[in-house]
Each structure stands twice: as structure tokens, then as C-alpha cells.
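Report on one structure; see the data block that follows.
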Amino acid sequence: MTRPMSTPGKALQVRTPTLPAIQPSIALALGGGGARGIAHILMLEVFDELGLRPKIIAGTSIGAVFGAAYASGLSAKLVRAYAEEALGQRFDIVRQLFSARSEPILKFLNFIPIRSALLNPVSVLELMLPSKIARDFAELEIPLRLVATDFYAQEQVVFAHGSLRTAIAASMALPALFTPVTVDGRVLMDGGLVNPLPFDLLRGEADITVAVDVSGASTGPGKRPHPSAFSALMSASQIMQRSIVREKLKAHQPDIYIDVEVDEFYVLDFHRYKEILARAAPAKAQLRRQLTRILKSQTVETLPAMPPVATPSPTPGRKRRLPSLEQLSRGRKE
Amino acid sequence: MTTHASGLVTPGSAPSGPRIALALGGGSARGLAHVVVLEAFDELGVKPCIIAGTSMGAICGGAYAAGLSGAQMRAEITELFANRTRFLARFAGKLRGGLSSLWSMRAPSVVDNVTLLEMLLPQAMRCDFGALKIPFMAIAADFYAIEQVILDSGPLIPALAASAALPSLSRPVVLDGRVLIDGGYVNPVPYDVVMDRADFTLAVDVTGDPQRRPDAKLPGTLELLTGATQLLFHSITREKLRSLAPDALIRPKVGAFGSLDYFRCGEILAAAQPAKEEVKHKISQWLTEIG
């Protein structure tokens, strides 16, 4: 299979190039997991810090939100600043969401018979996403694929074109919290129901696939003989998503798999974002270590030993004559 | 990640000849369809060498392993769910908060599955795994460890209760200090745990499908929640099939029935009826192939 190769010139366009010009291309998959997905921000920071830019990103649910922000060209620092600001003022958000100050309340709340209110995810996104996030997939700086679930057809729907907000809204429409999103007559909801960690969508897209898993199920802090009904219900769907990821990994593995240790947090623990970021720090270090190692081995260590030459230190021009990416990736697969 | 609750024991005497493993999946009321599959085994005169079951599949598989025939199970079920009033009278008084609490979303997890099953299941099933006529495993999920637990020793009914402890309806069952919930959360159709112990594995999937209401544009909250759970069950099975598939996967056409449609058992059994011929065909085909 031939795939577009990034030329050395392109590779130099990364945000802060610190590594040699020839780099393997990287596909990044950001998984679903509600508030635990705040950890994705740290993974995006690794890319910025290493001066890397994913060639393509796939996201599910909260992974779709952060994936879209990053693919829109926002730096991880900016994404973090925005998230911290938004989450730090959660009472303001709640007020914004539930007050009829600027918008009629009925736009946000759909009252349904059994006394529970569902939020419209499209409206929530309009309110909460920074304006810098692209409106259409076509405006993105990095190609993006977002996963949603077709409720009645029970299958995965992958968004790669069209309205970005609709796609994010569908991908994160957690049952019982958000209303489903209807697109072309299909009732769409949280992509985590079919594909909580969408690294399989990226197969063949890049030399290296990185998957960030935040599905670590939260079963609560205690070891009480009987978890509360609420905790059992909340955790049950997380246990299932974890099971899906485990089964997926039996069939295929990404090149780098980061299992972020955020098991202790619940899906809706957005107010504990500081703790989540702290708990995800080891995962960040792990991703950094693994990426650095792979990049090193692909850029320097795979070089044939060269006889010392009298010429001055190699120029960037010489580096371009290193084994091409195509050769490297072929070598990797054989 | 799987742990055995105890060392694997092989109770009963394994039948000689071709070894067929049977895996019965979870699906609450839809799982009554398993009876039709078991009738197919009876009619063929073939006994599985091992049975694994999850949730309702564990209850049906456990009953069969205990020696009940498919026809006996059909009679039990039909009698039990024939008349709502009689059923209510049989055990309503023993439920905390009355029978209505079973269906209340505001006070979930009130049902003690062990008590419930001890009341409902026939005398023949009040035994240990060791007394079963066919080796049998019930699948449960360890709630805190988030892993599959294979129950294959000790008293049968508590194991079945654990395997069928659906969080919204039943209280988790504590066995050996582990908090166990419905096995469907980790392994809705447990064919993978028996495949290496047989030459042919038949799996039965009775996971439900979200149904579109003709009058509603969007599903309601309760529909969304149950539908989401069913979607997740399907996703686990779909992903499992990518790395390992059973020799035969039977899906009785019962997806449209709700999880609590026990009183429609007649309709469920009728809808599952075509699966009987399918099972017989798959097994006899294989038996012919191997001679």
C-alpha cells in the first residue's frame, strides 16, 4: 500500500522541532471516559514538547472534544488553559447551562416524563467550546475522525467531514445525560458504546499508532460489600467499555498503548480535574519516554555505521539521505 | 484477565466421543430462548461435554447441567410465568418493598438474587457444582477488580445468582469476599472459556436490540439506558469475535423482547423456535464432517 509520505520539509513545520528532521508519522487515538479524559491534555502536551505533530487523530467522546481542539490548531497549553478556566468556574457553567439568562431554558433542557432532564449536547458545545475550534472538518489542521454510535443500527459511525460540532456532540452524547443527536435520520450517541478506544480506525495511516486509554473503570473508593445502587449503575457501563478495550487489544495492538491510571475517578468527576491531571502525570512521562525511544531508534540507531569522514559535522542536507521513511516502515513490518 | 474462584474441578463423568462445548449468553427474559437450544441437544441425543453460562445463560445452563431436560425446563417456565397473579402471590411477600420495587428506578438493587433464585429454581438445582451431571461454569464480574470470575465450585445457586446480578435490579452477590455482578459486563457470550475443552463450540447470543418506537422521534431516557447497555454487550461480543470465534454462533430472533418480558415467555419460546433446527443442523453437519 502506498501512502502519502511526509517530506522532510513538511516535518520541519512542526511546532518546535527538537528532533532530527526525519520522523516517523504518528497517528493518535484518544479514547472515551468522561472526566477521566481530561488526562488527554497531558498527552497532547507531550506532542508539543517533543515538537511532534500527529498526522491524523481519532477520538471518541471526551477524546473527540480534545482531539478536535488540538486538530483545530490549538496548542496543548491553550487547551489546558481553556479547560482549567472552564472547569474552575464550574458553578458559572452550571449557571450558564441552567439559567434562562441569555437563552430560553427550553433550548437546553428537554423535559421528559420521568422527571429527568437531558441536555442537548449541541447547545452545550456551542456554549462551552472556544471559538477557535474549527466549525467544519475541512478547516482542521490535522485530519480527524470522530466516533459515534448509531443507536438503532447498533453500529459505529465515523465522522470525517461536515460539521465538526455535530460530530463532537454525537460522539459525546452520553446516554441519560445528553439527548441523542439526529443526523440524516440516524439517532446517534456516545461513540464509547461501540468503540471506546478508536485506534483501529488509524491502521495503515501512519508509521506509529499511539492509543491513549482512559476507560479505566471506576468502581469507587471503598471496598464496601455492596456498592451503592448509583455507583453500581455508573460503573457498570465503564466496566463494559473496559471489556471492549480488552477484547480489542486481543485482536490488534497499537504501537504505543498508554493506559492512564485514572480508575478512581467517575465519568462525571469534571470538578476533580486537578486531581485527574496529577494522577495522569506518570502516563505523560511514559508516553514521552516511549515516543522518544521510538523516534530515536527510527532516526539515529537504525543508521548503518558510517566510516568516519574528514568533513565537518553533518549538515541537515546530509540527514535527508538517511533511509527513507518508506524503507524504515517497510523494515518495521517485515 | 480471568481468575478462577477456585481450582477447576471436573465434576461428573465426561462423555466419550465428540466433545461439544455449549456457551449460553446473558439476556434476562430473552435467555428463555436457551431452552429451545437445549431441546435441540435432547432431540439429537447429544450431551455437551461442558457448559458455560452468563446470567440467564448460567441459570439455563446450570439447570441443564443439573439434569433437567429441555422439555422439563419449558414446562417449569411455562408454569411459573403462565399467570402473573399466581407468580406474584408465590413470592411478592418475600421481597422487601413489594414486587413493584423490582421495576423502580428510584430504589434499585433491592432484589436479593440468592433468595429469589432459591425460591424460583427447582429442587434439583440446590446442589454443589460437584454434583452436576455436566461440567459447568458460571461467569460473573468482580465489581472492584473489574475482571471476569469463573465460578465452578461450591453451591450452585449463589453462583447463578452472582452471574445474573444485574446492577440496576439486583444486589451484588458476595462470594469468597469478592463483590460479584452480572457476568455480562465482562463476557456476555462466554464461548472463549470452554473452547479449549472441546472439539466443537456452540455459542448462543440472546443480547437484545434497541427497538424503535413508531410514535417517538427519539428514544426516552429509560430506553437510552437499556439500549446503551445492550449496545455495550454487543460491542464486547463483536470485539471478541475478531480474535476468537466459536464454531457455531446461534442468535435466536428474540432481540425485540425486553429484559423483563418474562410473562411473554410463550412468545419468546415461539420466536426462538427456528433456532432449534439451526442448532440441530450445525451439530449434525459437524458430526457428519468428522465421521
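From first to last, the protein sequence lines are chains A and B. Those letters in the first sequence? Residues -8 to 325, per this note's numbering, in order. Those letters in the second sequence? Residues 2 to 292, per this note's numbering, in order. Virtual Cβ for every residue (Gly too), placed ideally from N, Cα, C. Source: prediction; values computed, not measured.
Residue i - partner residues in DSSP beta bridges
i	result
D127(A)	S154(A)
Y248(A)	A202(A)
Q286(B)	Answer by DSSP bridge pairing: none, since Q286(B) is not bridged.
A142(B)	Q149(B) and I182(B)
G58(B)	For G58(B), which the question treats as bridged, DSSP gives no partner whatsoever.
V172(A)	L179(A)
A176(B)	Sequence inspection shows Leu at residue 176(B); the Ala mentioned does not correspond to that position. Partner(s): R179(B).
I21(B)	F201(B)
F137(B)	I52(B)
L250(B)	A204(B)
D129(B)	P156(B)
Q147(A)	T140(A)
8 Å Cβ shell around residue i - same chain, five flanking residues per side excluded
i	result
I285(A)	P15, I199, D246 and I247
E117(A)	R156
L240(A)	Y248
N- and C-terminal bounds of the alpha helix (DSSP H) containing residue i
i	result
I285(A)	A272 to K287
F234(B)	T222 to S244
P265(B)	The question names Pro, yet the displayed sequence has Arg at residue 265(B). Neither: R265(B) is in no alpha helix (DSSP H) and is coded neither H nor E.
D39(A)	H31 to E40
V138(A)	Segment L135 to D141 is the beta strand (DSSP E) holding V138(A); no alpha helix (DSSP H) there.
L81(B)	G71 to L81
A162(B)	L157 to S164
L188(A)	From DSSP, L188(A) is part of no alpha helix (DSSP H); its letter is neither H nor E.
Y73(A)	A67 to G79
V113(A)	P112 to M119
Spatial neighbours of residue i in its chain, beta-carbon cut-off 7 Å, leaving aside the 5 residues before and after
i	result
V174(A)	T157 and A161
L184(A)	T140
V37(A)	K275, L278, R279 and L282
S105(B)	For S105(B), the pLDDT reaches just 44, beneath the cut-off of 50, and the residue's location in the model is therefore unreliable, leaving the point undetermined.
T227(B)	S260
L161(B)	A59, I60, G63, L118 and A139
I158(B)	V115, L118, E119, L122, M126 and R127
L288(B)	P19
Selection from the options that minimises the alpha carbon distance to residue i
i	options	result
G50(A)	G28(A), I124(A) and G207(A)	G28(A)
D183(B)	T230(B), D200(B), R75(B) and E290(B)	T230(B)
C61(B)	Q212(B), P211(B), V150(B) and S164(B)	S164(B)
I48(A)	S63(A), E130(A), R136(A) and G207(A)	R136(A)
S226(A)	T170(A), A242(A), K287(A) and V258(A)	V258(A)
R233(A)	N186(A), R194(A) and A59(A)	N186(A)
G79(A)	S154(A), V172(A), P121(A) and H262(A)	H262(A)
R87(B)	F264(B), A41(B) and G221(B)	F264(B)
V280(B)	R20(B), E40(B) and P19(B)	E40(B)
P156(B)	Y145(B), D177(B) and A142(B)	D177(B)
I124(A)	V70(A), H152(A) and P189(A)	V70(A)
L181(B)	V207(B), L232(B) and D113(B)	D113(B)
Q145(A)	V36(B), G209(B) and E44(B)	G209(B)
I133(A)	G64(A), Q229(A) and V149(A)	G64(A)
L192(A)	G153(A), D127(A), E75(A) and Q244(A)	Q244(A)
K48(B)	L23(B), H35(B), A72(B) and M57(B)	L23(B)
F57(A)	A164(A), A129(A) and I32(A)	I32(A)
Span of the beta strand (DSSP E) around residue i
i	result
D43(B)	Taken as a continuous stretch (DSSP letters only), D43(B) belongs to no beta strand (DSSP E), being part of the alpha helix (DSSP H) at H35 to L45.
T51(A)	I47 to T51
A18(A)	I17 to L21
Contacting residues, own chain, Cβ-Cβ under 6 Å from residue i (five flanking each side not counted)
i	result
M249(B)	Going by the sequence as given, residue 249(B) is Ala instead of Met. Correct list, in chain order: L203 and K283.
M34(A)	V203 and L278
V251(A)	A30, V205, A271 and A274
A197(A)	S16, I17, A18 and K46
D260(A)	A26
P365(A)	Outside the shown range of chain A (-8 to 325) lies residue 365(A), about which nothing can therefore be said.
F201(B)	I21, D248 and W287
Review point. Pairing CB atoms from the stretch 166 to 173 of chain B with CB atoms from the stretch 60 to 77 of chain B, are three or more of them under 8 Å?
Key: Verdict: no, contact absent.
Check your understanding: Do three or more CB pairs link the stretch 129 to 136 of chain B to the stretch 28 to 41 of chain B at distances below 8 Å?
Key -> no
Review point. Should the stretch 48 to 61 of chain B be regarded as contacting the stretch 79 to 88 of chain B, the criterion being three or more beta carbon pairs within less than 8 Å?
Key: no
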